[in-house]
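Notes for the one structure printed next.
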Amino acid sequence: MLEAIPYKIRSYVFSPEWFYGFDSIIELIATIVCILLVYYSYKCFKLTKENKYLYFSTAFLSLTLAFMAKIVGTLAIYKPKITRTSLGSSVHQTFNTITPNDINALAFITFVFFSLLGFMMLFLIVSKLTWKNKGVLALMFYFVILATWMSVIHYQLFFVTSFLLLLLITYSYYMNYLEAKTEKTRFVMTAFGILLISHAFFIFVIYSSTMYVLAELVQLLGFIYLLVPFMLIFKKK
Amino acid sequence: MTEKRRGKLEIIADVLKSIQQKNGKIKPTHLLYKSNLSHAKLKEYTKTLLEKGMIEEQIVKGKKVFVMKDPGHKFLLEFERIKEFSDSFGL
Chain H
3 MLEAIPYKIR SYVFSPEWFY GFDSIIELIA TIVCILLVYY SYKCFKLTKE
53 NKYLYFSTAF LSLTLAFMAK IVGTLAIYKP KITRTSLGSS VHQTFNTITP
103 NDINALAFIT FVFFSLLGFM MLFLIVSKLT WKNKGVLALM FYFVILATWM
153 SVIHYQLFFV TSFLLLLLIT YSYYMNYLEA KTEKTRFVMT AFGILLISHA
203 FFIFVIYSST MYVLAELVQL LGFIYLLVPF MLIFKKK
Chain A
5 MTEKRRGKLE IIADVLKSIQ QKNGKIKPTH LLYKSNLSHA KLKEYTKTLL
55 EKGMIEEQIV KGKKVFVMKD PGHKFLLEFE RIKEFSDSFG L
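Going down the list, the sequences are from chains H and A.
Per the numbering used here, the first sequence starts with residue 3, numbered consecutively.
Per the numbering used here, the second sequence starts with residue 5, numbered consecutively.
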């Protein structure tokens, strides 16, 4: 599960071998859903000039970068043959000290940072907390950096932190659903509830790689649910 | 600043909705009543809508009416989508 590599940097691979690549596909689907939300909320910002859309777009851009980093990091381990291609070998010659495990470890740190930043921003947006107090924002950013740093030492802390942030986000979406009681708000609330469950599974990946498979599959369901309200909006003519 | 802008877009949508509810054709006096705007403000907004080609002025039976055009329908649809997106994602 955790492979020791030189320079005391660890690589983070939680997947059982038979699941290699499937998780990358799930992450790719999550990336596509995030990109759609980034694109549309940015379009809303351009049309309305309301900052809330820009913040929402940035939060999902952060999650997009997180998933992309995870794909790169895991593929470095799953497909080490990539380094044997002409492009791969030229990169390898330029950075000959970098091993696939280093790429994986760096990608994991990037994944953790952008995931926590994205969830933190989303929490601030949906909780309708102020964006005017720069001190609060600086403190939140500091907590993201601190949590990233701690997560490198104890990676379980990342899953616990993201679980807590998702818990708060899901609660806010539950309140939003109670207020609006529409089909779409129910889908969004359910999507984040499912993502919350997936992160609960992620906490226990240290005990069993099956937990990782379960967490990934539940995460896929969560992102599909997140796509539904978006599609329902565009179905309207 | 942004609140002011949002208000403007909402007013435009309300004016267009008022026209749409009357099958896409409305008399200025009815629009004044339905849009809940002052005469001066309505004049300002209808001028903007005319310039953007969202509505058109026509003379029907010797009386002036505002007719909603395709860009107006498109704006209203996009505005409703944005509102739904905003409501669904708690923005």
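Here a beta-carbon is modelled for each residue, glycine too, at the ideal position from N, C-alpha and C.
Nothing here was measured: the structure is a model prediction, and the numbers come from that model.
Any C-beta of chain A under 9 Å from that of Tyr18 (chain H): By 1-based counting over the first sequence, the position of residue 18 (chain H) is 16. The amino acid occupying residue 18 (chain H) in the given sequence is Pro; Tyr does not appear at that position. Cβ-Cβ to chain A under 9 Å: no for Pro18 (chain H).
Contacts of Ile235 (chain H) in chain A (Cβ-Cβ under 8 Å): The residue given as residue 235 (chain H) occupies position 233 in the first sequence. Within 8 Å Cβ-Cβ: Arg85, Glu88, Phe89, Ser92.
From H:Thr60, H:Tyr227, H:Phe47, residue whose alpha carbon lies closest to that of Phe83 (chain A): For the purposes of this step, residue 83 (chain A) is taken as the residue at position 79 of the second sequence. Among H:Thr60, H:Tyr227, H:Phe47, the Cα nearest to that of Phe83 (chain A) belongs to H:Phe47.
Alpha-carbon spacing of Ala68 (chain H) relative to Asn178 (chain H), whole angstroms: Your numbering for residue 68 (chain H) matches position 66 in the first sequence. Your numbering for residue 178 (chain H) matches position 176 in the first sequence. Taking the CA atoms as reference points, Ala68 (chain H) sits about 26 Å from Asn178 (chain H).
Leu49 (chain H) at chain A interface by Cβ criterion, 9 Å: On the first sequence, residue 49 (chain H) is found 47 positions in, with the first residue counted as 1. Output row for Leu49 (chain H): interface = yes.
Cβ of Leu95 (chain A) within 9 Å of any chain H Cβ: Translated into positions along the second sequence, residue 95 (chain A) becomes position 91. At least one chain H Cβ lies under 9 Å of Leu95 (chain A).
Near-chain A residues of the segment 160-192 of chain H - C-beta to any C-beta below 8 Å: Listed by position along the chain: Ser174, Tyr175, Asn178, Ala182, Thr184, Lys186, Thr187, Phe189, Val190.
Short Cβ contact (9 Å threshold) for Thr184 (chain H) with Ser92 (chain A): The sequence position of residue 184 (chain H) within the first sequence is 182, counting from 1. The sequence position of residue 92 (chain A) within the second sequence is 88, counting from 1. Yes.
Rounded straight-line distance, which links the Cα of Lys65 (chain A) to that of Leu124 (chain H): Looking up residue 124 (chain H) in the first sequence gives position 122. Looking up residue 65 (chain A) in the second sequence gives position 61. One C-alpha to the other measures close to 56 Å.
Contact set for Leu139 (chain H): own chain, Cβ-Cβ below 6 Å, skip 5 residues either direction: Here residue 139 (chain H) corresponds to residue number 137 of the first sequence, with the count starting at 1. Nothing meets the Cβ criterion.
Which of helix, strand or coil DSSP assigns to Met72 (chain A): To locate residue 72 (chain A), count along the second sequence from 1; it is residue 68. Strand.
Chain A contact for Ser64 (chain H) (CB, 9 Å cutoff): If you number the first sequence from 1, residue 64 (chain H) lands on position 62. Ser64 (chain H) does not count as touching chain A.
Spatially closest choice to Ile111 (chain H) from H:Lys136, H:Ile199, H:Val154, by CA coordinates: Stepping through the first sequence from its first residue, residue 111 (chain H) is reached at position 109. Ile111 (chain H) has its Cα closest to that of H:Val154, out of H:Lys136, H:Ile199, H:Val154.
Counted within 10 angstroms of its Cβ, other Cβ atoms place Gly11 (chain A) as buried (16 or more) or exposed: Position 7 of the second sequence, counting from 1, holds the residue named residue 11 (chain A). So Gly11 (chain A) counts as exposed.
Identified DSSP bridge partners for Lys12 (chain A): For the purposes of this step, residue 12 (chain A) is taken as residue 8 along the second sequence, with counting starting at 1. Answer is none; Lys12 (chain A) lacks a bridge partner.
Neighbourhood of Leu95 (chain A) by C-beta, 7 Å cutoff - its chain only, sequence neighbours within 5 removed: Numbered from 1 along the second sequence, position 91 holds the residue referred to as residue 95 (chain A). For Leu95 (chain A), where only same-chain residues beyond five positions count, there are no Cβ hits under 7 Å.
Buried or exposed (CB count within 10 angstroms, at least 16 for buried), Lys237 (chain H): Residue 237 (chain H) sits at position 235 when you count from the first residue of the first sequence. That one is exposed.
CB of Gly75 (chain H) within 9 Å of CB of Phe113 (chain H), strictly: Looking up residue 75 (chain H) in the first sequence gives position 73. Looking up residue 113 (chain H) in the first sequence gives position 111. Yes, these two residues count as a Cβ contact at 9 Å.
Where the alpha helix (DSSP H) through Val64 (chain A) begins and ends: Taking the first residue of the second sequence as position 1, residue 64 (chain A) is located at position 60. Val64 (chain A) -> not in any alpha helix (DSSP H); beta strand (DSSP E) instead, spanning 59-64.
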